[in-house]
Amino acid sequence: MVVFDRPHAMLDVPLHYCPGCTHGIIHRLVAEAIDELGIEGKTIGIAPVGCSVMAYDYFACDMIEAAHGRAPAVATGVKRADPENHIVFTYQGDGDLASIGMAETVHAAARNENITVIFINNAIYGMTGGQMAPTSLPGQVTQTSPYGRDPKLCGYPIKVFEMLSELEGPEYLERVTVNNAKNVRAAKKAIKKAFQNQIDGKGFSLIEVLSSCPTNWGMTPSAALKWIDEKMIPYYPLGVYKDRSAEKEAAK
Ligand SMILES: Cc1ncc(C[n+]2csc(CCOP(=O)(O)OP(=O)(O)O)c2C)c(N)n1
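Okay, here's the thing in structure tokens:
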């Protein structure tokens, strides 16, 4: 009996990610959700630049490359062109989604576009070598904040969900992480729900995944997973920030 296998929606190729990077786990969870919902043939993924720029090599579904930050705009076009037959997801880093692409993110959420957004928050610009991101923590040492992020100089981190949950538009916002087995299971559930919402026509679903970047954080993989628990989760609490359908149900 097969009890564990590679998801069909994930291609059998080696990943280029650094040891201990959690992009690979999240790719797997997305692929499992696609398999379980039986949507591989109609799914189109949009990945802009960032460490996941080569995601088109890893997913078995159709993939489109977007310019930095523009994935929600591209996803909007793809989804609206054939809403009945396309399931569209974006896969974006925090530099991408919360900095150069912040406008696209906010407006797609406000419009309640019926798309699924997978947001990888590793608190740093990974691909370009570890510069400070909009989500880098106060005091965090990065290539461009060698003495630690000073909010007086660089401003405060952007808490994407705390902002977006004030909008009427979005259907579902949940922050998860993948730093231990229990959290991976919860992340899978949230990612699958974000796709299911789209299938059900409910609208904009965004899953933020607190992720590790051992290379640019200058840590071992296990220390990086611990850092998520000790530093990231207290600043970016896990949980559901918006679930409009559940709220409507509860109000009945
Ligand atoms: C318009 C534009 N500006 C800047 C860049 C350079 N660039 C490539 S990836 C990247 C940051 C990616 O960081 P993030 O989105 O956090 O993803 P990660 O690599 O950490 O997964 C930047 C600034 C670019 N490719 N295009």
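Taking numbering that gives the first Met the number 0, I'd label the letters of the sequence shown as residues 0 to 251.
All C-beta atoms, glycine included, are put in the ideal place defined by N, C-alpha and C.
Checklist entry - F160 lies in the alpha helix (DSSP H); which residues open and close that run? => result Taking the first residue of the sequence shown as position 1, residue 160 is located at position 161. From DSSP, the alpha helix (DSSP H) with F160 extends over V159 to L163.
Checklist entry - Which term fits P156, buried or exposed, when burial requires 16 or more other beta carbons within 10 angstroms of its beta carbon? => result Residue numbering aside, residue 156 sits at position 157 when the sequence shown is read from its first letter. Residue environment for P156: buried (at least 16 other C-beta atoms within 10 angstroms of its C-beta).
Checklist entry - With respect to 7 Å, is the separation between the Cβ of C153 and the closest non-hydrogen atom of ligand 1 below this value? => result Working through the sequence shown from its first residue, we reach residue 153 at position 154. Because no heavy atom of ligand 1 lies under 7 Å away, the Cβ of C153 does not count as near it: no.
Next on the checklist: Going by C-alpha to C-alpha distance, which of I25, V12 and P6 sits closest to V208?
Outcome noted: Counted from its first residue, the sequence shown places residue 208 at position 209. Closest option to V208, Cα to Cα, is I25.
Item to check | Residue range of the unbroken alpha helix (DSSP H) whose run includes V105 | outcome: The residue labelled residue 105 in the question sits at position 106 within the sequence shown. It spans M101 to A109 - the alpha helix (DSSP H) in which V105 sits, taken as one unbroken run.
Next on the checklist: Distance check for D93 and N120, CA to CA, integer angstroms please.
Outcome noted: Residue numbering aside, residue 120 sits at position 121 when the sequence shown is read from its first letter. Residue numbering aside, residue 93 sits at position 94 when the sequence shown is read from its first letter. Their Cα atoms are separated by approximately 5 Å.
Next on the checklist: Given this structure, state the Cα-to-Cα distance separating G49 from A249, to the nearest angstrom.
Outcome noted: One-based indexing of the sequence shown puts residue 49 at position 50. One-based indexing of the sequence shown puts residue 249 at position 250. The alpha-carbon atoms of G49 and A249 are separated by roughly 39 Å.
Next on the checklist: Excluding the 5 residues flanking V77 on each side, which residues of the same chain have their C-beta closer than 8 Å to its C-beta?
Outcome noted: On the sequence shown, position 78 is the one that residue 77 refers to. Cβ neighbours of V77 beyond the five flanking positions: I43, I45, I63, H85 and V87.
Next on the checklist: With distance defined between alpha-carbon atoms, name the residue in C212, K241, M231 and Y240 nearest to H22.
Outcome noted: Residue numbering aside, residue 22 sits at position 23 when the sequence shown is read from its first letter. The shortest C-alpha separation from H22 is found at C212.
Item to check | Residue from L163, M231 and W226 with nearest C-alpha to R243 | outcome: Along the sequence shown, read from residue 1 onward, the residue named residue 243 stands at position 244. Of the candidates L163, M231 and W226, the one whose C-alpha sits nearest the C-alpha of R243 is L163.
Next on the checklist: Ignoring anything shorter than 4 residues, give me the alpha helix (DSSP H) runs that lie fully in the segment 11-40, in order along the chain.
Outcome noted: 22-36
Checklist entry - In whole angstroms, what is the alpha-carbon distance linking N178 and G129? => result Indexing the sequence shown from 1 puts residue 178 at position 179. Indexing the sequence shown from 1 puts residue 129 at position 130. One C-alpha to the other measures close to 20 Å.
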